[in-house]
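Notes for the one structure printed next.
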Amino acid sequence: MTDILYTEPEERTALREAVRKLAGSYGHEYIVAQARKGEKTTELWRDMGKHGYLGVSLPEEHGGGGGGIADLAAVLEEAAAAGAPLLLMVVSPAICGTVIARYGTDAQKARWIPGIADGTFTMAFAITEPDAGSNSHNIITTASPDGDGFVLNGRKTYISGVDEADAVLVVSRMADARTGNLKPALFVVPTDSPGFEAQTIAMDFAAPEKQFNLFLDDVHVPQDALVGDEDAGLMQLFAGLNPERIMGAAFSIGMARYALEKAVAYAKERTVWRDKPIGTHQGIAHPLAKVKIELEQAKLLQQKAAALYDAGDDIGAGEFANMAKYAAGELACNATDVAVHTHGGNGLASEYGLGNMLVAARLGRIAPVSREMILNFVAMHSLGLPKSY
Ligand SMILES: Cc1cc2nc3c(=O)[nH]c(=O)nc-3n(C[C@H](O)[C@H](O)[C@H](O)COP(=O)(O)OP(=O)(O)OC[C@H]3O[C@@H](n4cnc5c(N)ncnc54)[C@H](O)[C@@H]3O)c2cc1C
Numbered sequence: 011m012t013d014i015l016y017t018e019p020e021e022r023t024a025l026r027e028a029v030r031k032l033a034g035s036y037g038h039e040y041i042v043a044q045a046r047k048g049e050k051t052t053e054l055w056r057d058m059g060k061h062g063y064l065g066v067s068l069p070e071e072h073g074g075g076g077g078g079i080a081d082l083a084a085v086l087e088e089a090a091a092a093g094a095p096l097l098l099m100v101v102s103p104a105i106c107g108t109v110i111a112r113y114g115t116d117a118q119k120a121r122w123i124p125g126i127a128d129g130t131f132t133m134a135f136a137i138t139e140p141d142a143g144s145n146s147h148n149i150i151t152t153a154s155p156d157g158d159g160f161v162l163n164g165r166k167t168y169i170s171g172v173d174e175a176d177a178v179l180v181v182s183r184m185a186d187a188r189t190g191n192l193k194p195a196l197f198v199v200p201t202d203s204p205g206f207e208a209q210t211i212a213m214d215f216a217a218p219e220k221q222f223n224l225f226l227d228d229v230h231v232p233q234d235a236l237v238g239d240e241d242a243g244l245m246q247l248f249a250g251l252n253p254e255r256i257m258g259a260a261f262s263i264g265m266a267r268y269a270l271e272k273a274v275a276y277a278k279e280r281t282v283w284r285d286k287p288i289g290t291h292q293g294i295a296h297p298l299a300k301v302k303i304e305l306e307q308a309k310l311l312q313q314k315a316a317a318l319y320d321a322g323d324d325i326g327a328g329e330f331a332n333m334a335k336y337a338a339g340e341l342a343c344n345a346t347d348v349a350v351h352t353h354g355g356n357g358l359a360s361e362y363g364l365g366n367m368l369v370a371a372r373l374g375r376i377a378p379v380s381r382e383m384i385l386n387f388v389a390m391h392s393l394g395l396p397k398s399y
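In terms of this note's numbering, the sequence shown is residues 11 to 399.
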């Protein structure tokens, strides 16, 4: 019984090793070099796709590996732990691939999933809006029926990887003919559509993946751009948001592993007091040990969330995906901070590649859902406290 609960299947362990080897052959140096040159990580992305790693959780009949979100999270964690995280895995295969696989028509699956799985077709995901922010219920991007399809108008912000994407899965609202209320609906919008404009947002950390403001100005899409049922928009959206949180956690956990490994190696080797390395001193060893404990805690939460999701328990997965994302976000911030501090002055030198990570790790506290919104969720849903917002 213990084995079933706490040991990953052999296939996943082998998958982890294979991904670590491939991503490690590119390494953190590759990511840093691409970011500094303002270039993308297409080569690594395509390589991961070719080996079946990007599509590991997508259906086999459409070119995927037929595994679960636990497998996809293992891929992202290992890539990040090797110093080569791929942020767009959170959106393209995990959110968009999952939503289309679960709610798309056969034609939509056949059209989009093979490319998402092998990395030749990338789909970004757009829900955040400037005036809605954490309150997604306030989004105003609207889809209206228009001849043989729909016309979309609105604005999105902080959308990752639009320059690398062939299309964006846009969360918009439609007028409900029965109630008059607006309800969410998901549309696949090609990035070369007339009326679709993307502007880069300058960010204070260097990463190959860029962030964008999107402007949708009378963008026409055909009827089959609508993914899923108009009447089940919220349920479809949540089907994508649990994988998003599980993958966000995997991203942060992998980054924390990378930072911890580097810090431990440095603490064992750096010697400034006679012949004892700095790791001998508890002032250095204890923060590292604390990060290790926090890492194992976050991993357990993430694995439980993924196991619940893969078992079809969306509600249970929702609670644990939120808690895993919270724990992993805190972990990545603490791990990068401790790693920088363990390196002393070298921690902020470009050569060691940790200073930039200190800022990048904070993303795990903000996106895809902020720390405070998770605490609101846990207070209300797990503890039964009154709604605060
Ligand atoms: C690098 C990056 C990549 C991103 N990629 C994507 C993407 O690909 N697609 C996409 O759709 N979005 C993306 N986002 C957007 C991200 O999901 C949002 O930034 C996040 O949900 C927070 O929204 P906000 O920035 O509008 O903050 P706000 O909602 O303005 O919140 C500001 C602060 O107030 C706090 N706050 C807000 N409401 C409450 C409350 N009720 N109680 C307590 N505290 C509260 C928040 O926790 C936060 O600390 C990305 C963001 C970043 C930074």
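The beta carbon of each residue, even a glycine, is placed where N, CA and C say it ideally should be.
Only a predicted model underlies this, so the values are computations on that prediction, with no experimental measurement involved.
**beta-carbon residue 86 near ligand 1 non-hydrogen atom, thresh 6 angstroms** = No; taking the cut-off as 6 angstroms, the Cβ of residue 86 has no heavy atom of ligand 1 nearer than that.
**Item:** With 16 other Cβ atoms within 10 Å as the buried cut-off, status of residue 126
**Value:** Around the beta-carbon of residue 126, 16 or more other beta-carbon atoms lie within 10 Å, marking it buried.
**Residues that DSSP places opposite residue 97 in a beta bridge** = Per DSSP, none; premise fails for residue 97.
**Prompt:** Between residue 195 and chain D, is there a C-beta pair that is closer than 7 angstroms?
**Reply:** No chain D is present in this structure, which holds just one protein chain.
**Message:** Pop quiz: residue 391 and residue 306 are said to be a contact at Cβ under 8 angstroms. What is the actual Cβ separation, rounded to whole angstroms?
**Reply:** The pair is not a contact, with the Cβ atoms about 25 angstroms apart (cut-off 8 angstroms).
**Asked** For the 8 angstroms Cβ check, are there 3 or more pairs between the region 372 to 380 and the region 336 to 343?
**Response** Touching, per the Cβ criterion.
**Request:** Pair every Cβ in the region 287 to 301 with every Cβ in the region 309 to 323, then say whether three or more of these pairs are closer than 8 angstroms.
**Result:** Three or more beta-carbon pairs separated by less than 8 angstroms are not found between the region 287 to 301 and the region 309 to 323, which leaves the two stretches without contact.
**Prompt:** Can you name, in chain order, every residue of its own chain whose Cβ lies under 7 angstroms from the Cβ of residue 53, other than the five neighbours on each side?
**Reply:** Counting only Cβ-Cβ distances below 7 angstroms, and skipping sequence neighbours, we find nothing.
**Proximity winner among 287, 332, 346, 380, relative to residue 388 (alpha-carbon distances)** = Taking only the C-alpha atoms, the option nearest residue 388 is 332.
**Request:** Select from 82, 65, 48 the residue whose C-alpha is nearest the C-alpha of residue 316.
**Result:** Scanning 82, 65, 48 for the CA closest to the CA of residue 316 turns up 82.
**Message:** Would you say the beta carbon of residue 138 is closer than 6 angstroms to some non-hydrogen atom of ligand 1?
**Reply:** In this structure, residue 138 has its CB closer than 6 angstroms to one or more heavy atoms of ligand 1.
**Item:** Status (buried if at least 16 other CB within 10 Å, exposed otherwise) for residue 359
**Value:** When all chains shown are included, residue 359 counts as exposed.
**Request:** Identify, in the order they occur along the chain, each residue of the same chain with its Cβ nearer than 7 angstroms to the Cβ of residue 393, setting aside the five sequence neighbours on each side.
**Result:** So the list is empty, once near-sequence residues are dropped.
**Asked** Nearest-angstrom Cα distance between residue 75 and residue 177?
**Response** So the alpha carbons of these two residues sit roughly 22 angstroms apart.
**Asked** Residue range of the beta strand (DSSP E) that residue 170 falls in?
**Response** Looking at the DSSP string, the run of the beta strand (DSSP E) that includes residue 170 is 159 to 170.
**Item:** Element boundaries [beta strand (DSSP E), containing residue 209]
**Value:** Unbroken beta strand (DSSP E) run through residue 209: 206 to 211.
**Prompt:** Which whole-angstrom value describes the C-beta separation of residue 100 and residue 258, a residue pair presumed to lie in contact below a C-beta threshold of 8 angstroms?
**Reply:** With a contact defined as Cβ atoms closer than 8 angstroms, residue 100 and residue 258 qualify at about 6 angstroms.
**Prompt:** In three-state terms, what does DSSP make of residue 230?
**Reply:** It is a strand residue.
**Message:** As a quick exercise: from 224, 196, 129, pick the residue whose alpha carbon is nearest that of residue 238.
**Reply:** Selected option, being the one with the closest Cα: 196.
**Request:** Leaving out five residues on either side along the sequence, give the residues of the same chain with a beta carbon under 8 angstroms from the beta carbon of residue 436.
**Result:** Since the first and last residues shown for the chain are 11 and 399, residue 436 lies out of range.
**Asked** ligand 1 heavy atoms versus the CB of residue 378: any closer than 6 angstroms?
**Response** Correct: residue 378 has its Cβ closer than 6 angstroms to ligand 1.
**Prompt:** Which same chain residues, not among the five before or five after residue 221, have their C-beta less than 8 angstroms away from its C-beta?
**Reply:** Non-local C-beta neighbours of residue 221 in its own chain, meaning closer than 8 angstroms and more than five positions away in sequence, comprise 168, 169, 170, 210, 211, 213, ordered along the chain.
**Request:** With distances taken Cα to Cα, identify the nearest neighbour of residue 163 among 41, 145, 371, 182.
**Result:** Nearest C-alpha to residue 163: 182.
**Asked** Is the beta carbon of residue 70 sitting closer than 7 angstroms to the one on residue 29?
**Response** No, they are not a contact pair.
**Prompt:** Taking 6 angstroms as the cut-off, does the CB of residue 170 come closer than this to any heavy atom belonging to ligand 1?
**Reply:** At least one heavy atom of ligand 1 is nearer than 6 angstroms to the Cβ of residue 170, so yes.
**residue 143: CB within 6 angstroms of a non-hydrogen atom of ligand 1** = Residue 143 Cβ: within cutoff of ligand 1.
**Message:** Tell me the DSSP secondary structure of residue 23 in three-state form.
**Reply:** Looking at residue 23 - three-state DSSP - the assignment turns out to be helix.
**Request:** Could you have a look at residue 183 and say whether DSSP puts it in helix, strand or coil?
**Result:** Residue 183: strand per DSSP, three-state reduction.
**Request:** With hydrogens ignored, establish whether the beta-carbon of residue 246 is closer than 6 angstroms to any heavy atom of ligand 1.
**Result:** Not so, every heavy atom of ligand 1 lies at least 6 angstroms from the Cβ.
**Message:** Suppose the cutoff is 7 angstroms on Cβ atoms and the five residues either side in sequence are ignored; what does the same chain contact list for residue 225 look like?
**Reply:** Cβ within range, chain order: 165, 207.
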